[in-house]
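Residue numbers (the numbering used here): 371 to 772.
All C-beta atoms, glycine included, are put in the ideal place defined by N, C-alpha and C.
This one's a predicted model, so the numbers in the text were calculated from it and none came from an experiment.
Here the structure comes first, spelled out in structure tokens, and everything after it is commentary.
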Amino acid sequence: MKRFSTFLLLVLLGLLSLATPGVAQELVGIVGNVMAPNNQALEKAAVVVVHGPSQTRTTTTTDEAGNFAFKGLAVGGPYLLQVSQTGFQPQKIENIFLLAGKTANGTFVLFPVEKGPNQTPNRDYLTYIQQCRIIPPGEAATAARAKAATAAKPAGRPAAVATKPAAAPPATPAAVAAAAPVAAATPSPPTSAQPAAARPTAPLPAAAARSRPRYQPGSRRAGTIAPPLVDGHYDAKSGYYIYHTGTPITLPLPKGQQVRNVGRQSTESQLYQFLSSPRQQVDTVDRTRGWISFDRVFFMTGQATLTPESRNQLKNIALLLQSYPQARLKIGGYTDSVGNYQMNRQLSEARARTAWTALVEMGVSPSRLEARGYGPNYPIASNETAAGRAMNRRLSLRVLTK
371 MKRFSTFLLL VLLGLLSLAT PGVAQELVGI VGNVMAPNNQ ALEKAAVVVV
421 HGPSQTRTTT TTDEAGNFAF KGLAVGGPYL LQVSQTGFQP QKIENIFLLA
471 GKTANGTFVL FPVEKGPNQT PNRDYLTYIQ QCRIIPPGEA ATAARAKAAT
521 AAKPAGRPAA VATKPAAAPP ATPAAVAAAA PVAAATPSPP TSAQPAAARP
571 TAPLPAAAAR SRPRYQPGSR RAGTIAPPLV DGHYDAKSGY YIYHTGTPIT
621 LPLPKGQQVR NVGRQSTESQ LYQFLSSPRQ QVDTVDRTRG WISFDRVFFM
671 TGQATLTPES RNQLKNIALL LQSYPQARLK IGGYTDSVGN YQMNRQLSEA
721 RARTAWTALV EMGVSPSRLE ARGYGPNYPI ASNETAAGRA MNRRLSLRVL
771 TK
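Here it is in structure tokens:
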């Protein structure tokens, strides 16, 4: 009888451990850095993480280097992350889903609180987080409604299937790279640096709006943006389009610095010629003009992870920006038209944000950079061929001010 009681107790303990949620759940974390627009680390900034389902709040502050870390967070979510500091405008990201085996990491730039009327700083696309999934608000709301409808449906009847919302406008702060990277956060109004063809026009009367043909994602024709000036070829083995940048040259920069061993028609050379020539002016009317494609910046297939050799060209761009301190750039990410439009848009956003972060880490002030993902819009070649798709999977830059 005693043996039977002991056996029964062990069985009950085993069943209890199986029934207890989260006992064997994998734990992950979030780490990051908080800085001001001048790259100064913000010490003792308050960082709060809120777990949506349980509303559990975890708080910490940044150290003298502006770093923070949360450990022991459960996989999944959604989580909300907010960063604040006295005298600065807070930054917030919602609907973060932590991935198994991934520690999410982010860079947050806080702008000083402006004094006086109409003093709104340009802080679009200056928050970056990767190694997690961030659900766009529209998709999150749809999922929440579907879940509520499923919970309210009588037992035995099939639940309605939620349809995916139409393509959302560009996402604001937070590009995201993960094993299958996605990016997006809060929709924001287009900035003045957005390509002209993508900016909304004045509102139409109700009748005209109803009769207006619906925009099909990725439908803008090749030629909307002029193709690159540099010739090249498609490398089937790597899947990249390789540009023929010409004879290697050295670019003499102010203060005796140099950019060495770059092609005469390389991205660096084109940017240098634009910045150094007084005759070259920024086109403020047609913002689809003036884009220069990176010729040696590549990403892992389907990811927003830079290949190791890509950092060399980004280092050259950072050096050029340091030599011309008045210049401001916009980085645009683009994909081909294969696959889901929303995922392509998010992937292009994540890649543009990855390049943005790399340049910031190399010493470029965040206030001098903007980043935006355009997905399959504005192709420079036909998506009907492998070479054309490779050309469209690109990262480009445009000078905003010089």
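query: For G402, the three-state DSSP class (helix, strand or coil); result: strand
query: Span of the alpha helix (DSSP H), counted from its first residue to its last, around Y642; result: T637 to S646
query: Reduced DSSP category for K772 - H, G, I as helix; E, B as strand; rest coil; result: coil
query: Neighbourhood of G442 by C-beta, 6 Å cutoff - its chain only, sequence neighbours within 5 removed; result: L397
query: Per DSSP, cross-strand counterpart(s) of S605; result: As written in the sequence, residue 605 is Asp, which differs from the Ser given in the question. According to DSSP, D605 bridges with Y610.
query: DSSP-derived helix/strand/coil call for I750; result: coil
query: Supposed close pair G402, F438 - CB separation, criterion 8 Å; result: 6 Å
query: Span separating the alpha-carbon of Y744 from that of M713; result: 11 Å
query: Presumed contact (8 Å Cβ cut-off) between L645 and K772, rounded CB distance; result: 6 Å
query: Collapsed DSSP secondary structure at Q716 in the structure displayed; result: helix
query: Three-state secondary structure assigned by DSSP to A757; result: helix
query: Endpoints, the alpha helix (DSSP H) within which K685 is located; result: S680 to S693
query: Assigned exposure category for E754 - 16 Cβ within 10 Å defines buried; result: exposed
query: Contact under 8 Å by Cβ, A435 with A411; result: yes
query: Inside the region 422-457 only - beta strand (DSSP E) runs reaching at least 3 residues; result: 426-431, 437-444 and 446-454
query: Between the CA atoms of L480 and D665 - distance to the nearest angstrom; result: 32 Å
query: Residue(s) in a DSSP beta bridge with Q663; result: As written in the sequence, residue 663 is Ser, which differs from the Gln given in the question. DSSP output for S663 lists S766 as bridge partner(s).
query: 8 Å CB neighbourhood of P583 in its chain, flanking five on each side removed; result: Note on P583: pLDDT 37, under 50, position unreliable in the model; the coordinate value appears next. Cβ within range, chain order: n/a, list empty.
query: C-beta atoms of L451 and V404 nearer than 8 Å; result: no
query: Residues near A592 in its chain [Cβ-Cβ closer than 7 Å; skip 5 each side]; result: Because A592 carries a pLDDT of 42, less than 50, the predicted location of this residue cannot be relied on, and no value is offered for it.
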